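Report on one structure; see the data block that follows.
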Amino acid sequence: MPTFHFISYVYRGPTEREHEVEVTYSVTPGRAACLYGDYPHPAEPDEIEIVSANADGVELYDHEWDSIYDEACDRADQDMAEYHADAAEYLRDLRSDAA
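In my numbering, the protein residues as written are -15 to 83.
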């Protein structure tokens, strides 16, 4: 289960003061739909979980957590694609070093 990091921002107060939020989230890959015998198994989507969100001591409101979760969901596909590309490149390098 890979974890990813990104920086987000929340804005508070009458002057919309900006607070930086360091977010760590994990992605558990889902499963494609498949058929075993006569019983179909529906697709399962990726599971995205916010591991931590550090806002320099500022407590986040529920709507801010929702916004951060939505941002993590939007980033998950691209982050997973980069993760798999990096893993494939690492394996290619290992094979070329062994040859």
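Glycine is no exception: its CB is placed at the ideal position from the N, C-alpha and C atoms. Being a predicted model, the structure only gives us computed values, none of them experimental.
Per the DSSP secondary-structure output, Ile(-9) pairs in a beta bridge with Glu6. An exposed status is given to Val35, since fewer than 16 other beta-carbon atoms sit within 10 Å of its beta-carbon. Rounded to whole angstroms, His(-11) and Thr8 show a C-alpha spacing of 5 Å. Counting only the Cα atoms, Asp81 lies some 11 Å from Tyr74.
Counted as a single uninterrupted DSSP element, the beta strand (DSSP E) harbouring Tyr23 occupies residues 23 to 25.
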